[in-house]
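Below is one structure, written out as structure tokens, with a few remarks after it.
Protein chains: 2
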Amino acid sequence: MSDQHFPARLADVGAQVEATLERLLDAQPLPGEVARPQRLLAAMRYAALNGGKRLRPFLFIESARLFGVEGAGVLRAACAVEMVHCYSLVHDDLPAMDDDDLRRGKPTAHKAFDEATAILAGDGLLTFAFDVMADAATHPDPRIRCDLALGLARASGLGGMAGGQQLDLDAEHAAAPLDHAAIAQLQSMKTGALLRFSAEGGAIFADASDSDRNALADYGRALGAAFQIADDILDAEGDEAAMGKRVAKDAGRNKGTLVGILGLEAARSLRDELAEEAVNALARFGDKADVLIAAARFTASRAS
Amino acid sequence: MSDQHFPARLADVGAQVEATLERLLDAQPLPGEVARPQRLLAAMRYAALNGGKRLRPFLFIESARLFGVEGAGVLRAACAVEMVHCYSLVHDDLPAMDDDDLRRGKPTAHKAFDEATAILAGDGLLTFAFDVMADAATHPDPRIRCDLALGLARASGLGGMAGGQQLDLDAEHAAAPLDHAAIAQLQSMKTGALLRFSAEGGAIFADASDSDRNALADYGRALGAAFQIADDILDAEGDEAAMGKRVAKDAGRNKGTLVGILGLEAARSLRDELAEEAVNALARFGDKADVLIAAARFTASRAS
């Protein structure tokens, strides 16, 4: 796949993800559910059906496709990953956390609803992610469903995304700014772990060999690191209109970024090196990995 | 088991649950976790190692024991249920929700730490619950692990506990107080669903027949309803010192309870009827169900 065709592919998969999320977040209760309260469902839908790029489910889906696996089950599992991402945005935006009023130019969930409903909508999306992973409709083999749920939990919780957000909060109150290693660890948890799992998860779904699975985890890890630096570069360069959220906020709050430590020039080089590291992790798959290769380059280039 | 021996049994199982939670919430990262940030781990431990009665894990463990199944795996699964309960207390206590400063006479998590850390500690406990359920260390059969994770998710999320909390918030802002049916539905979601799953979960763990599993679900459903009415009676009768939290709060905020609709006398009768309904659901198990029978009567009598 040429890099020019990549945005269309991303948009196409994103539309399938949106449609699947739409069906999952339906008003009809599932077996074992008492009822689906209207306001909470509306808040969960607001948070999940948000027009995002759907990079995480895209990586999951394209990683599974690398092994010839596609279809409704993969889409469901990919949506579970996206629900975890969406829950994290809702909770991170809360007044007690980053206190953001806007996301992608729209009011954040606690502004569109209220704070209590936003907390519950995040909780509901996180819980529903594991519902979807554990459900036989996602994959016929329960061993694989368990591996997916376990991998998602490890990437998202105390030792992954939630832990990374805590380190980020800690850094705001720390006496000294974080050094390069501490920032790299924070980012590998806060944004890296879920991106890594997104790529690895597709291989788990496809029951790929351990070495293939590890290659995709390595790809996801490098892509995740590149993604975060690209994001920090965007933040440093960006303007409010283009981003739809307040900028230079992280710098203002003394949150360490690698851009702050390395400067823009060196940060761009590191980002591009990491994107190439991601590409190199896929060498074993040859041309079949073209889409994932384009994804790594796209992730880096969005901040060029 | 005579009712006099029940408190000792509850305390004994509670101590095993406490010890298992202590081991699970260890500083050592698990495979797939990057690191366990100290402050978040401390907040999760504060919320989980709280000296509660551990009624939910007790029901899970005694339900599995009814089928001759016990050991380390059951304890882990029971702790996953307790983690979900503990996360819900942390989030319900937040300023945007019930705004409670004390729980069991101790500062709530957001008072002992801060609001952002409390939100993340709840998120971390919820996520870790599914980690534990999906982990092969909990049960050798992945089909059963998936059934447990799915049942836990359905009981906890949009269509269960989180949804019930939303209905409770909605009721505060409603023009008219809730009627009997609406309160019963709210409570069947907010507290009932997880208690029902606690009893049913032990049967799932033990791979019991569908009819045995359904009997335990019926038991848990009736016990859960009795529990909530007993709690509302305690709230109406209680005093601040005995409860360790502010009382008559629910009444003051116009939250509907069945005590408010029926009066104390009729509420006590309904509570006792529900406890007997729980007991009757266990008829098929004969004397083997003595502990669970005592649990139903204990649940009701704590508010006598």
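Protein chains in written order, with the numbering used here: chain A, 1 to 304; chain B, 1001 to 1304.
Beta carbons: idealized from backbone N, C-alpha and C, even for Gly.
For residue j and residue i, believed in contact at Cβ under 8 Å, the rounded distance
i	j	result
residue 278 (chain A)	residue 217 (chain A)	Actually they do not touch by this definition, with Cβ atoms about 11 Å apart.
residue 43 (chain A)	residue 113 (chain A)	5 Å
residue 1035 (chain B)	residue 159 (chain A)	6 Å
residue 1185 (chain B)	residue 1225 (chain B)	With 8 Å as the limit, residue 1185 (chain B) and residue 1225 (chain B) do not qualify as a contact, their Cβ atoms being about 11 Å apart.
residue 1220 (chain B)	residue 1206 (chain B)	Not quite, the Cβ-Cβ distance comes to about 15 Å (not below 8 Å), so this is no contact.
residue 1061 (chain B)	residue 1202 (chain B)	7 Å
residue 1109 (chain B)	residue 1040 (chain B)	No, residue 1109 (chain B) and residue 1040 (chain B) are not in contact; Cβ-Cβ is about 11 Å, not under 8 Å.
residue 1017 (chain B)	residue 1057 (chain B)	5 Å
residue 1258 (chain B)	residue 1180 (chain B)	7 Å
residue 1157 (chain B)	residue 127 (chain A)	3 Å
residue 1053 (chain B)	residue 1014 (chain B)	6 Å
residue 1031 (chain B)	residue 143 (chain A)	That belief does not hold up - the Cβ atoms of residue 1031 (chain B) and residue 143 (chain A) are roughly 17 Å apart, past 8 Å.
residue 165 (chain A)	residue 92 (chain A)	6 Å
residue 1169 (chain B)	residue 116 (chain A)	5 Å
residue 189 (chain A)	residue 88 (chain A)	Incorrect: roughly 12 Å between the Cβ atoms, too far for contact.
Distance CB(residue i)-CB(residue j) smaller than 8 Å
i	j	result
residue 118 (chain A)	residue 94 (chain A)	yes
residue 194 (chain A)	residue 155 (chain A)	yes
residue 21 (chain A)	residue 82 (chain A)	yes
residue 86 (chain A)	residue 137 (chain A)	no
residue 1208 (chain B)	residue 1067 (chain B)	yes
residue 1153 (chain B)	residue 134 (chain A)	yes
residue 236 (chain A)	residue 264 (chain A)	yes
residue 943 (chain B)	residue 1139 (chain B)	There is no way to answer for residue 943 (chain B), as the model of chain B reaches only from 1001 to 1304.
residue 1146 (chain B)	residue 146 (chain A)	yes
residue 1215 (chain B)	residue 1300 (chain B)	no
residue 45 (chain A)	residue 25 (chain A)	yes
residue 1233 (chain B)	residue 1271 (chain B)	yes
residue 291 (chain A)	residue 23 (chain A)	no
residue 163 (chain A)	residue 1037 (chain B)	yes
residue 77 (chain A)	residue 148 (chain A)	yes
residue 1204 (chain B)	residue 1196 (chain B)	no
The alpha helix (DSSP H) enclosing residue i, as first and last residue numbers
i	result
residue 58 (chain A)	55–65
residue 7 (chain A)	6–24
residue 142 (chain A)	142–156
residue 1269 (chain B)	1264–1281
residue 1205 (chain B)	1193–1205
residue 209 (chain A)	No alpha helix (DSSP H) contains residue 209 (chain A), which DSSP labels as neither H nor E.
residue 1301 (chain B)	1290–1301
residue 1187 (chain B)	1180–1187
residue 1091 (chain B)	1072–1092
residue 1284 (chain B)	Segment: none, residue 1284 (chain B) is in no alpha helix (DSSP H) and carries neither H nor E.
residue 1168 (chain B)	1161–1172
residue 1049 (chain B)	Note, residue 1049 (chain B): premise wrong, no alpha helix (DSSP H); not H, not E.
residue 132 (chain A)	115–134
Residues that residue i bridges to, as DSSP identifies them
i	result
residue 102 (chain A)	A:107
**Prompt:** According to a CB-to-CB cut-off of less than 9 Å, which residues of the region 32–63 of chain A neighbour chain B?
**Reply:** Listed by position along the chain: 32, 33, 34, 35, 36, 37, 38, 39, 40, 41, 43 and 44.
**Asked** What residues in the region 1161–1193 of chain B bring their beta carbon closer than 7 Å to a beta carbon of chain A?
**Response** Contact residues of the region 1161–1193 of chain B toward chain A are 1162, 1163, 1165, 1166, 1167, 1169, 1170, 1185, 1188, 1189 and 1193 (C-beta to C-beta distance below 7 Å).
**Prompt:** Got a sec: which bits of the region 1208–1235 of chain B sit with their beta carbon under 7 Å from any beta carbon on chain A, in order along the chain?
**Reply:** Against chain A - using a Cβ distance shorter than 7 Å - the region 1208–1235 of chain B contributes no residues.
**Prompt:** Along the region 1144–1162 of chain B, what residues have a CB closer than 9 Å to any CB found in chain A?
**Reply:** Within the region 1144–1162 of chain B, the residues whose Cβ lies closer than 9 Å to any Cβ of chain A are, in chain order, 1144, 1145, 1146, 1147, 1148, 1149, 1150, 1151, 1152, 1153, 1154, 1155, 1156, 1157, 1158, 1159, 1160, 1161 and 1162.
**Request:** May I ask you to list, following chain order, the residues of the region 1110–1128 of chain B that have a beta carbon less than 9 Å from some beta carbon of chain A?
**Result:** Per Cβ criterion, the list reads 1110, 1114, 1115, 1116, 1117, 1118, 1119, 1120, 1121, 1122, 1123, 1124, 1125, 1126, 1127 and 1128.
**Prompt:** What residues from the region 1088–1113 of chain B come within 7 Å of chain A, judged by C-beta to C-beta, listed N to C?
**Reply:** Correct list: 1091, 1094, 1096 and 1097.
**Prompt:** Between the region 258–279 of chain A and chain B, which residues of the former have CB atoms less than 8 Å from a CB of the latter, in chain order?
**Reply:** Within the region 258–279 of chain A, no residue qualifies.
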